[in-house]
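Participant: This is the structure I have questions about; it appears just below.
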Amino acid sequence: MTDAKTMNTTKLLTAFLLSLLALLAEPTRAQEPRGPSPLGQYFGFLPVEIFKLERRSSNLLARDLDRDGLVDLVVADNSHSRIDYLRQRKQKPAAAAADFDEDTNQVKNDWRFEHRKIPVDRQVAALVAGDFNGDGRSDLAYLGTPNYLVVRFQPKEGEWSEKLEFRIPDINPIRGSLVTGDMDGNGRPDLVVLGKFETFIYYQSKDGKLGTPRLLMNTSAQLGLAIVGDLDGDGRDDLCYATVESQKRSFCARLQDKTGRLGPEVRFELPAHRDVQLQDIDGRRGRELVVVESSTNRVKLLKIHGPAGDGDGPKPKQRLIQYGFGRQGAARTEQLRDVATGDVDGDGRTDVLVTDPAGARVIVFRQRPTGGLDLGTAFPGLEDTRHVKIGNVDGAAGNEVVVVSVKEKTLGISQMAKGRLGFPKPLTVMGSPVACELVNLDGKPGPEIVYVAKPAGGRGYVLGALAKGKNGQFSARSFGKLAQVPVPVKGTPQYLVTVDANLDGRPDLLVFQDLEQPPVLMIGQADGGMKAVSGSGGIQLGGIDPGQLFVGRLEKQSILVAQQKFARNLALTPSGGWQVIDQYNVTESNAKIAGVAALDLDETPGKEIVLVDTGVRQLRMMRREGEGKLFRPWREVELGTLAYRTNRIADLDGDKREDLLLVGNGKFAVLYNGRTGPRLKELASFEPRRKQAVFSTTVSGDLNGDGRVDVAAIDKRSHRISLLDHSPARGLRHALDFRVFEQKSFRGAAGGGAGSEPREVLIADVTGDDRLDLVLLVHDRVLVYPQDAGDPAKAKPGKQKAK
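Quick note: the sequence shown, position 581, residue 611 per my numbering, numbers continuous.
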């Protein structure tokens with residue numbers, strides 16, 4: 031700090047004037063609850079400037095709208111169906127008319143801004159500014175209730191009459207649902223709207239046109255608080271937002287890649303928080319997260335670091351990457367979805383297909399040449415499609431997609447051609463199919479289609495099969511001497527899974543059913559038939575669901591079953607019971623093992639076991655260690671809020687290693703094998719001295735002209751502003767604290783009487799002196815705290831940008 035920033039006569043005058051001027055004639059006092067901070071002398075403001083608006087004013091913005099080099103203010107006024115454009119004047123008018131509000135306090139509006147009005151015909155829920163047609167002038171875009179995105183283009187002169195309107199289905203029009211930024215790297219601002227089921231991105235073309243939006247399928251119906259900024263330091267804008275699931279708020283990001291596309295959702299582990307902002311604090315590439323913790327009320331600075339880290343600290347953990355299905359149904363409806371993996375487009379890479387029973391769609395997530403899955407494309411399909419399988423069932427080049435629609439009583443087949451998944455063609459079956467599986471019944475190349483159906487006019491359920499003949503048509507295939515095999519189920523069949531239960535090399539089938547009944551095991555016979563096995567005594571499977579079962583290889587073909595506190599490796603005994611080959615235990619009291627999988631995670635001989643623990647929300651990884659080669663705990667990965675249903679194993683990023691896909695309600699998550707995601711590193715932390723403080727949000731900017739970015743924290747309970755100095759060496763330190771307005775004690779000591787005021791805040795140079803000022807929206811007024819230069823001779827140290 032220099033002598034020019036010491037408290038001089040001007041700052042003494044500032045302190046005196048701040049004690050006299052404030053909203054509703056209450057004093058604004060710069061104070062330190064436990065003695066003044068020595069840093070307070072380096073901060074100061076000129077007398078506060080007051081501008082009367084309305085109590086319903088919201089969405090405060092700062093931007094140079096008219097390109098005169100001066101920053102203006104924009105705010106929505108829904109009480110008068112207009113947008114208030116406060117144009118900054120270059121100098122005080124020679125004969126300024128007295129401008130008083132109509133309140134008894136008779137507070138005079140300052141001369142600083144010329145009040146212009148832009149009429150609107152919809153209530154403004156969210157408001158952003160940017161050049162949305164490439165003409166060099168700043169335009170305004172807002173969410174208009176109930177479900178419209180409206181873009182108002184600024185004219186060369188005259189009224190703001192030119193506009194575009196887009197109707198957007200299924201949105202919740204609130205502040206934080208609309209943001210702007212360069213989402214494709216073409217240098218032009220785009221518009222992003224968070225919907226309930228999809229995120230709508232209106233890309234601006236090179237010729238300045240906003241066209242049909244691109245839809246990103248959401249992972250949750252509770253997205254909000256959207257922010258755009260460079261999170262990972264690659265110079266590209268990323269999309270960040272918050273989501274609330276199971277009463278837990280998470281911070282999420284979709285990072286923009288080198289091709290200008292947003293990627294899948296990455297969730298970061300943050301403590302319980304009240305607010306998150308993206309701010310450029312340290313001046314380096316990549317913005318920092320300014321987090322207000324809800325439990326401790328601390329303000330923390332966090333920064334994203336790359337997967338490889340910076341050589342310091344622990345090795346970064348693996349994390350789940352999430353892909354959304356968009357529209358979500360109730361939990362019971364979500365359980366009807368099926369997921370299949372396989373190459374559907376013929377490029378040699380494994381893709382993922384997800385059924386959407388309620389939406390009559392099949393969603394295809396294709397694997398990209400650069401690795402990883404794309405964000406999914408939905409194709410029309412049969413209504414109530416509950417089952418999907420991928421395989422080469424016709425012997426020709428390329429795989430087919432086989433589906434079952436329970437409602438339409440159809441077993442259908444389709445292929446992808448020219449980037450489009452065709453509509454399923456019905457296959458002739460006996461009865462009403464309810465489930466299907468692809469099974470190699472004869473040992474020849476290519477599987478057959480096996481289905482379970484309710485016979486027409488009959489009772490019970492039977493197994494049937496289809497195979498493609500020499501004439502190119504699918505026809506019925508018998509099971510040995512029987513055209514159909516009865517399935518002795520007590521409930522309704524729900525799912526088919528191929529296993530080799532007795533390790534004889536012939537395929538067997540597990541038929542899962544409802545009513546909490548155990549699955550029925552159908553054993554493959556030497557003559558090609560199928561026979562139900564009824565085990566008695568010993569270990570039994572019980573009423574498990576398909577998500578608890580994993581069929582794969584350890585040292586040999588294995589059947590793994592998750593059962594609450596452990597998972598077991600099972601094999602069928604000659605008597606039809608189940609023998610335990612191995613067991614993988616968890617001793618933690620809150621553990622609940624809902625799923626299990628086996629795959630190679632460490633690139634050494636042998637596979638590891640992954641237990642899906644929904645009790646403590648962890649993926650528990652176990653590998654063989656010690657003389658006995660027992661499976662012991664090795665690593666853990668956060669499961670987050672994923673409502674686990676089932677899993678799949680496949681190479682989903684082209685690195686020749688199997689990845690773990692976990693299916694949940696409304697989304698699936700992928701643990702890419704060997705890939706670590708970005709990690710958060712804490713840079714600084716500040717804990718308020720006042721126990722009564724409740725920080726609601728923060729803004730950042732250089733508020734004392736020393737070239738470093740400071741943080742202003744808003745206390746919604748006491749209606750105060752706390753200014754925090756930041757330096758890389760010493761972190762965040764308290765500098766100055768002052769009250770914006772007083773409230774009477776009888777209006778609520780807990781801070782509820784006056785609401786969350788100040789309700790909006792920003793930092794920008796709105797006085798034209800190249801110094802950043804503090805701007806607040808409080809009750810029905812805009813308050814401007816002009817930054818005091820300290821030394822008049824150094825009033826313009828260099829142009830500063832709005833933060």
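The beta-carbon is built from N, C-alpha and C at its ideal position, and this holds for glycine as well.
A quick note: this is a predicted structure, and the numbers were derived from the prediction, not measured.
(1) With E228 as the anchor, note down where its beta strand (DSSP E) starts and where it stops.
(2) Would you decide whether D472 is buried or exposed? Buried here means 16 or more other CB atoms lie within 10 Å of its CB.
(3) Using a threshold of 8 Å, state whether the C-beta atoms of P149 and S111 are closer than that.
(4) At which residues does the beta strand (DSSP E) containing R117 begin and terminate?
(5) Are the region 702–721 and the region 356–367 touching, with three or more C-beta to C-beta distances below 8 Å?
(6) Does DSSP put P410 in a helix, a strand or coil?
(7) Measure the alpha-carbon distance for D740 versus Q153 and round it to whole angstroms.
(8) Report yes or no: do the region 387–404 and the region 319–339 share at least 3 C-beta pairs separated by less than 8 Å?
(9) Per DSSP, what are the beta-bridge partners of G421 in this structure?
(10) Would you check if the region 238–247 and the region 303–318 touch, i.e. whether three or more CB-CB distances between them fall below 8 Å?
(11) In angstroms with no decimal places, state the Cα-to-Cα distance between L540 and E668.
(12) Do F542 and Q524 count as a contact pair if the criterion is CB distance below 8 Å?
(13) With DSSP collapsed to three states, give me the class of L545.
(14) In this structure, does DSSP put A673 in helix, strand or coil?
(15) From this set, H756, A256 and D732, which residue's C-alpha is nearest D800's C-alpha?
(16) Can you tell me which of the three DSSP states L802 falls into?
(17) Whose C-alpha, out of G494, K637, G645 and S280, is nearest the C-alpha of M652?
(18) Using 8 Å as the threshold, is the region 403–413 in touch with the region 421–428, meaning 3 or more CB pairs across them?
(19) Just verifying my parser: in three-state terms, what is the DSSP assignment at R894?
(20) How many Å lie between I351 and S191 at the Cα?
(21) Helix, strand or coil for A723, going by three-state DSSP, please let me know.
(22) Do the CB positions of Q307 and R705 come within less than 8 Å of each other?
(23) Assign A531 to one of three DSSP states: helix, strand, or coil.
(24) Leaving out the 5 sequence neighbours to the left and right, which residues in its chain are closer than 6 Å to R86 when beta-carbon positions are compared?
(25) From N216, G535, L179 and Y233, pick the residue whose C-alpha is nearest to that of N202; which is it?
(26) With DSSP as the reference, label Q358 as helix, strand or coil.
(27) From L813 to E144, what distance separates their C-alpha atoms?
(28) Is the beta carbon of R763 sitting closer than 8 Å to the one on D755?
(29) Where does E364 sit, in a helix, a strand or coil, going by DSSP?
(30) Answer with yes or no whether the minimum CB distance from R763 to chain B is below 8 Å.
(31) Considering only their Cβ atoms, is the gap separating I80 from N139 smaller than 8 Å?
(32) From A627, S508 and V550, pick the residue whose C-alpha is nearest to that of L526; which is it?
(33) Can you tell which of Q277, A360 and D220 has its C-alpha closest to the C-alpha of L292?
(34) Taking the CB atoms as reference points, tell me whether A156 and N89 lie closer together than 8 Å.
(35) Could you please give me the residues that DSSP links to N615 through a beta bridge?
(36) Any idea if G99 is buried or exposed, counting beta-carbon neighbours within 10 angstroms, 16 or more meaning buried?
Facilitator: Taking the structure as given:
(1) Start and end: E228 to Y232.
(2) With fewer than 16 neighbouring CB atoms inside 10 Å of its own CB, D472 falls in the exposed class.
(3) Yes, they are a contact pair.
(4) That run of the beta strand (DSSP E) goes R112 to Q118.
(5) Counting C-beta pairs with one atom in each stretch, the region 702–721 and the region 356–367 have fewer than three that are closer than 8 Å, which means they do not touch.
(6) Per DSSP, reduced to three states, the secondary structure at P410 is strand.
(7) C-alpha separation (whole angstroms): 35 Å.
(8) Cβ pair count under 8 Å is below three, so no.
(9) BP columns for G421 point to E430.
(10) No: the two stretches stay apart, fewer than three of their Cβ pairs being nearer than 8 Å.
(11) Distance from the CA of L540 to the CA of E668, rounded to the nearest whole angstrom, comes to 31 Å.
(12) Less than 8 Å separates the beta-carbon of Q524 from that of F542.
(13) Looking at L545 - three-state DSSP - the assignment turns out to be coil, as it is neither helix nor strand.
(14) Coil, per DSSP.
(15) Closest option to D800, Cα to Cα, is D732.
(16) L802: coil per DSSP, three-state reduction.
(17) The residue with the shortest Cα to Cα distance from M652 is K637.
(18) The answer is no - the region 421–428 does not touch the region 403–413, with fewer than three Cβ pairs under 8 Å.
(19) No answer is possible for residue 894: it lies beyond the span of the chain, which begins at 31 and ends at 833.
(20) Those two C-alpha atoms are separated by around 44 Å.
(21) Looking at A723 - three-state DSSP - the assignment turns out to be coil, as it is neither helix nor strand.
(22) The Cβ atoms of Q307 and R705 do not sit closer than 8 Å to each other.
(23) Correct three-state label for A531: coil.
(24) So the qualifying residues of the chain are N108 and S109.
(25) Nearest option by C-alpha distance: L179.
(26) For Q358, the secondary structure class from DSSP, reduced to helix, strand or coil, is coil.
(27) Rounded to the nearest angstrom, the two C-alpha atoms are 15 Å apart.
(28) Yes. Within cutoff.
(29) E364: helix per DSSP, three-state reduction.
(30) You won't find chain B in this structure, because it holds only one protein chain.
(31) Yes, they are a contact pair.
(32) Comparing Cα-Cα distances from L526 to each of A627, S508 and V550, the minimum goes to V550.
(33) When Q277, A360 and D220 are compared, the shortest CA-CA separation from L292 is found for D220.
(34) Yes, they are a contact pair.
(35) The beta-bridge partner set that DSSP reports for N615 consists of F596.
(36) It is exposed - the Cβ of G99 has fewer than 16 other Cβ atoms within 10 Å.
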